[in-house]
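Contents: one structure, followed by commentary.
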Amino acid sequence: MPLNVVPSSTKPSTVPSDSSQPSSSALPDLLPTDNLNVDSSQPTADSGRRGNSPVQHDELEAQDEEEGGLVFPVDKLAKLDDMINKPRWVVPVLPEGELEVLLMAAIRMSARGIDNQCEPCQNFYRDGLTLSFTKILTDDAVNGWKYDIQICIKKNCGLLVDLIVNKLDQDNLVLLDLLTMLMNPMSKFQLYNSNRSPQELLNLEESDIYAKPMDSRIPSRVSISTTLLYSLR
Numbered sequence: 001m002p003l004n005v006v007p008s009s010t011k012p013s014t015v016p017s018d019s020s021q022p023s024s025s026a027l028p029d030l031l032p033t034d035n036l037n038v039d040s041s042q043p044t045a046d047s048g049r050r051g052n053s054p055v056q057h058d059e060l061e062a063q064d065e066e067e068g069g070l071v072f073p074v075d076k077l078a079k080l081d082d083m084i085n086k087p088r089w090v091v092p093v094l095p096e097g098e099l100e101v102l103l104m105a106a107i108r109m110s111a112r113g114i115d116n117q118c119e120p121c122q123n124f125y126r127d128g129l130t131l132s133f134t135k136i137l138t139d140d141a142v143n144g145w146k147y148d149i150q151i152c153i154k155k156n157c158g159l160l161v162d163l164i165v166n167k168l169d170q171d172n173l174v175l176l177d178l179l180t181m182l183m184n185p186m187s188k189f190q191l192y193n194s195n196r197s198p199q200e201l202l203n204l205e206e207s208d209i210y211a212k213p214m215d216s217r218i219p220s221r222v223s224i225s226t227t228l229l230y231s232l233r
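The sequence shown begins at 1 in full-length UniProt numbering and counts up by one.
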């Protein structure tokens with residue numbers, strides 16, 4: 001399935017691997033470069049084609065009613081599987097991208113308890129969802145993605161949490177494994193963004209903040225223990 005061709009006046013709309021090392025076959029290009037003037041080494045959100053806001057729940061509910069009920073987007077699933085399984089893979093994380101659309105569909109179906117009867121949705125859990133988050137959370141290419149791409153990844157992580165919450169009473173091992181990966185403070189995504197100050201805290205009073213992230217300038221217990229361990233060897 002061919003990828004969409006992005007005109008030279010737009011930016012790439014998906015997350016590629018770090019193309020700063022083009023000679024490595026493990027690090028994919030974003031899009032074909034024929035007839036394009038796109039710098040795929042610095043991906044940014046495509047605000048023209050994709051839009052800046054995520055898919056809204058009420059819009060999707062209205063769409064479900066118009067279509068006569070919930071329908072899992074198998075065409076989006078097929079496209080996602082094609083994109084993430086190429087040797088030079090791409091993970092579509094922007095608003096209205098394949099990953100977000102599939103997550104929203106899975107959230108709605110799981111909220112109504114009908115996702116277990118949908119084979120494409122189960123395939124998404126096992127394959128596309130797992131592989132997508134493995135790449136965007138643990139791959140070395142994370143270090144080469146721009147800030148707006150990191151924000152898009154964070155928003156997709158929030159949708160994943162919504163899905164996991166819907167399934168907590170069912171002990172879905174695939175989703176529980178993803179929760180472990182998502183909450184791992186040593187993942188590539190967490191480590192790369194650990195020095196950023198949460199924007200949500202900027203406008204809050206000190207008394208309104210329930211918890212703060214640890215100051216990155218203060219060594220953690222893990223790093224202290226590791227230092228002591230190696231000093232005693």
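Glycine included, C-beta positions come from ideal geometry on N, C-alpha and C.
Would you mind reading off the limits of the alpha helix (DSSP H) that contains residue 120? Within the sequence shown, the letter at position 120 stands for residue 120. DSSP places residue 120 inside the alpha helix (DSSP H), whose first and last residues are 119-123.
For residue 126 and residue 174, which I take to be in contact (beta-carbon distance under 8 Å), what is that distance rounded to the nearest angstrom? Reading the sequence shown from its first residue, position 126 is the one you call residue 126. Reading the sequence shown from its first residue, position 174 is the one you call residue 174. Yes, residue 126 and residue 174 are in contact; Cβ-Cβ is about 6 Å, under 8 Å.
Apply the 10 Å Cβ neighbour rule to residue 119 and answer buried if 16 or more other Cβ atoms are within range, or exposed otherwise. Taking the sequence shown and counting its residues from 1, one reaches residue 119 at position 119. Classification for residue 119: exposed.
Using a Cβ-Cβ cutoff of less than 6 Å, which residues in the same chain neighbour residue 159 once the five nearest sequence positions on both sides are dropped? Taking the sequence shown and counting its residues from 1, the one referred to as residue 159 is at position 159. Counting only Cβ-Cβ distances below 6 Å, and skipping sequence neighbours, we find 103.
Three or more C-beta pairs under 8 Å: does that hold for the segment 161-172 against the segment 137-153? no
Note down the Cα distance separating residue 187 from residue 141, rounded to an integer number of angstroms. Translated into positions along the sequence shown, residue 187 becomes position 187. Translated into positions along the sequence shown, residue 141 becomes position 141. Their Cα atoms are separated by approximately 12 Å.
Measure the C-alpha to C-alpha separation of residue 89 and residue 196 and round it to an integer number of angstroms. Position 89 of the sequence shown holds residue 89. Position 196 of the sequence shown holds residue 196. About 27 Å.
Suppose you measure from the CA of residue 124 to the CA of residue 176; what does that come to, to the nearest Å? Against the sequence shown, residue 124 aligns to sequence position 124. Against the sequence shown, residue 176 aligns to sequence position 176. Distance between the alpha carbons of residue 124 and residue 176: 15 Å.
Selected residue, minimal CA-CA separation from residue 170, among 94, 116 and 75: Residue 170 sits at position 170 when you count from the first residue of the sequence shown. The shortest C-alpha separation from residue 170 is found at 116.
Residue 54 versus residue 148: straight-line alpha-carbon distance, rounded: As a working mapping, residue 54 is identified with position 54 in the sequence shown. As a working mapping, residue 148 is identified with position 148 in the sequence shown. Any reading at residue 54 must be qualified, since the residue scores a pLDDT of 40, below 50, and its modelled position is unreliable; the value itself is stated next. Rounded to whole angstroms, residue 54 to residue 148 spans 14 Å at the Cα level.
Less than 8 Å separating the beta-carbons of residue 101 and residue 76? Numbered from its first residue, the sequence shown carries residue 101 at position 101. Numbered from its first residue, the sequence shown carries residue 76 at position 76. Yes, these two residues count as a Cβ contact at 8 Å.
8 Å contact criterion, which residue 157 and residue 179 should meet: CB distance rounded: Residue 157 sits at position 157 when you count from the first residue of the sequence shown. Residue 179 sits at position 179 when you count from the first residue of the sequence shown. That belief does not hold up - the Cβ atoms of residue 157 and residue 179 are roughly 10 Å apart, past 8 Å.
State buried or exposed for residue 113, treating a residue as buried only when at least 16 other CB atoms are found within 10 Å of its CB. For the purposes of this step, residue 113 is taken as residue 113 along the sequence shown, with counting starting at 1. The residue in question, residue 113, is exposed, as its Cβ has fewer than 16 Cβ neighbours within 10 Å.
Tell me whether the beta-carbon of residue 166 lies closer than 8 Å to the beta-carbon of residue 105. The residue labelled residue 166 in the question sits at position 166 within the sequence shown. The residue labelled residue 105 in the question sits at position 105 within the sequence shown. Result no, Cβ atoms of residue 166 and residue 105 do not sit closer than 8 Å.
Is it true that the CB of residue 79 sits closer than 8 Å to the CB of residue 98? Residue numbering aside, residue 98 sits at position 98 when the sequence shown is read from its first letter. Residue numbering aside, residue 79 sits at position 79 when the sequence shown is read from its first letter. Their beta carbons are under 8 Å apart, which means residue 98 touches residue 79 by this criterion.
Taking only the alpha-carbon atoms, compute the straight-line gap between residue 189 and residue 131 and give it to the nearest angstrom. For the purposes of this step, residue 189 is identified with residue 189 of the sequence shown, where counting begins at 1. For the purposes of this step, residue 131 is identified with residue 131 of the sequence shown, where counting begins at 1. When rounded, the distance between both Cα atoms is 15 Å.
My output table needs one value for residue 96: the three-state DSSP class, helix, strand or coil. As a working mapping, residue 96 is identified with position 96 in the sequence shown. Three-state result, residue 96: coil.
Of the residues 143, 82 and 138, the one placed nearest residue 192, counting alpha carbons only: By one-based count along the sequence shown, residue 192 stands at place 192. Residue 192 has its Cα closest to that of 143, out of 143, 82 and 138.
Let me know the secondary structure DSSP gives residue 133 once reduced to three states. Against the sequence shown, residue 133 aligns to sequence position 133. Helix.
N- and C-terminal bounds of the alpha helix (DSSP H) containing residue 140: Taking the first residue of the sequence shown as position 1, residue 140 is located at position 140. No alpha helix (DSSP H) holds residue 140; DSSP gives it neither H nor E.
Comparing C-alpha positions only, which one of 73, 207, 184 and 205 sits nearest to residue 121? Locating residue 121 in the sequence shown gives position 121, counting from the first residue. Taking only the C-alpha atoms, the option nearest residue 121 is 73.
Quick check: is the beta carbon of residue 126 nearer than 8 Å to any beta carbon in chain B? No chain B is present in this structure, which holds just one protein chain.
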